[in-house]
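If you read the sequence shown in the working numbering, its first letter stands for residue 84, the second for the next number, and so on.
Glycine included, each C-beta is placed from N, C-alpha and C at the ideal position.
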Amino acid sequence: KSDGIPSPKVLPIQAYHDFCRYPKEMRRFHLDPSVFQLMFEKFAIHQWGLNLVDLMNAGAGWCMTGKYARRIIFPILMNHVPVGFQARTIRDTSTAKYLTSSHGKEEDPEAECGRPAEAMLYGLDDIPPGVEIVTVEGIPDTICGRKNGLWTVGLLGTALTPEKLGLLARARPSKITVALDAERETEGVTADIVSNLLTWGLPAASGTWQGGKDAGSGASLVDRSERLSTTLLRRLRLS
84 KSDGIPSPKV LPIQAYHDFC RYPKEMRRFH LDPSVFQLMF EKFAIHQWGL NLVDLMNAGA
144 GWCMTGKYAR RIIFPILMNH VPVGFQARTI RDTSTAKYLT SSHGKEEDPE AECGRPAEAM
204 LYGLDDIPPG VEIVTVEGIP DTICGRKNGL WTVGLLGTAL TPEKLGLLAR ARPSKITVAL
264 DAERETEGVT ADIVSNLLTW GLPAASGTWQ GGKDAGSGAS LVDRSERLST TLLRRLRLS
């Protein structure tokens, strides 16, 4: 293209009837906090460095009771409408850190959204074409990355599904840097994601975090493409 932005292969993206039902127990973060909200604020500051304004700008809420008791609720918007949410526990227990809204038909009272998790990305709406996207794992990582000047997009996990790949391709980025949490077990996952992006015509590279395991811990993004190339070469030799 004449604007210099690459034209990747086009993947079909399924159409969904989007709706979102937040937990009835959810309370939005606001400027007149209760003692309960202060508990959630304290967690967000300690865990990610996110303050009340950050949480309010994200439209986040919290629950003290119900299915999502003691969890921070992060809305997920796509095409500028709510399509689901993730709920992050503030308890140090063996329970799952994140729960994602359950999808189904709107007439199903148990359904919380109309779109499955594999078709959701966080923070894609306001990405201008031609910028470098940095894919991270979670919603707090995405928010923290934006505060530090990065065009972060949350994969909402470590899986790059075909639909997420198609959505990233439609954003027409100049480059995608894959920066999952800096943990040993994610290295192979990162290599696979970069390989898939390159296969579909998207300029991709590997990144990691220095000074912490992710953007949510205040770490800095560094390039590790050379290390990734070594990993891919090793795989080819063994195949």
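Task: Contained alpha helix (DSSP H) runs [length at least 4] in the stretch 119-148, N- to C-terminal order - done: 135-140
Task: Segment contact, 8 Å Cβ cut-off, at least three pairs: the stretch 199-213 with the stretch 151-164 - done: yes
Task: Contact between the stretch 276-283 and the stretch 241-248 (3+ Cβ pairs under 8 Å) - done: yes
Open item on the list: According to DSSP, residue 171 sits in a beta bridge with which residue or residues?
Closed with: On the sequence shown, residue 171 is found 88 positions in, with the first residue counted as 1. Paired residues: 155 and 181.
Open item on the list: Measuring only the C-alpha atoms, how far is residue 215 from residue 233?
Closed with: By 1-based counting over the sequence shown, the position of residue 215 is 132. By 1-based counting over the sequence shown, the position of residue 233 is 150. Taking the straight line from one Cα to the other gives about 8 Å.
TODO: Please state if the CB of residue 218 and the CB of residue 239 are separated by a distance shorter than 8 Å.
DONE: Along the sequence shown, one-based indexing puts residue 239 at 156. Along the sequence shown, one-based indexing puts residue 218 at 135. No, the Cβ-Cβ distance between residue 239 and residue 218 is not below 8 Å.
Open item on the list: Pull the bridge partners of residue 287 from the DSSP assignment, please.
Closed with: Your numbering for residue 287 matches position 204 in the sequence shown. In DSSP, residue 287 forms a bridge with 259.
TODO: List the endpoints of the continuous beta strand (DSSP E) containing residue 277.
DONE: For the purposes of this step, residue 277 is taken as the residue at position 194 of the sequence shown. Per DSSP, residue 277 belongs to no beta strand (DSSP E); it is in the alpha helix (DSSP H), 270-282.
Task: Contact check, residue 260 vs residue 241, beta carbons under 8 Å - done: Locating residue 260 in the sequence shown gives position 177, where the first residue counts as 1. Locating residue 241 in the sequence shown gives position 158, where the first residue counts as 1. Against a cut-off of 8 Å, the Cβ pair of residue 241 and residue 260 comes out as no contact.
Task: Backbone CA spacing between residue 98 and residue 183 [nearest angstrom] - done: Counting from 1 along the sequence shown, the entry for residue 98 is found at position 15. Counting from 1 along the sequence shown, the entry for residue 183 is found at position 100. Rounded to the nearest angstrom, the two C-alpha atoms are 20 Å apart.
Task: Status (buried if at least 16 other CB within 10 Å, exposed otherwise) for residue 273 - done: As a working note, residue 273 is residue 190 in the sequence shown. With 16 or more Cβ atoms within 10 Å of its Cβ, residue 273 is classed as buried.
Open item on the list: To the nearest angstrom, how far is the alpha carbon of residue 196 from that of residue 257?
Closed with: Reading the sequence shown from its first residue, position 113 is the one you call residue 196. Reading the sequence shown from its first residue, position 174 is the one you call residue 257. Approximately 32 Å, taken between the alpha carbons.
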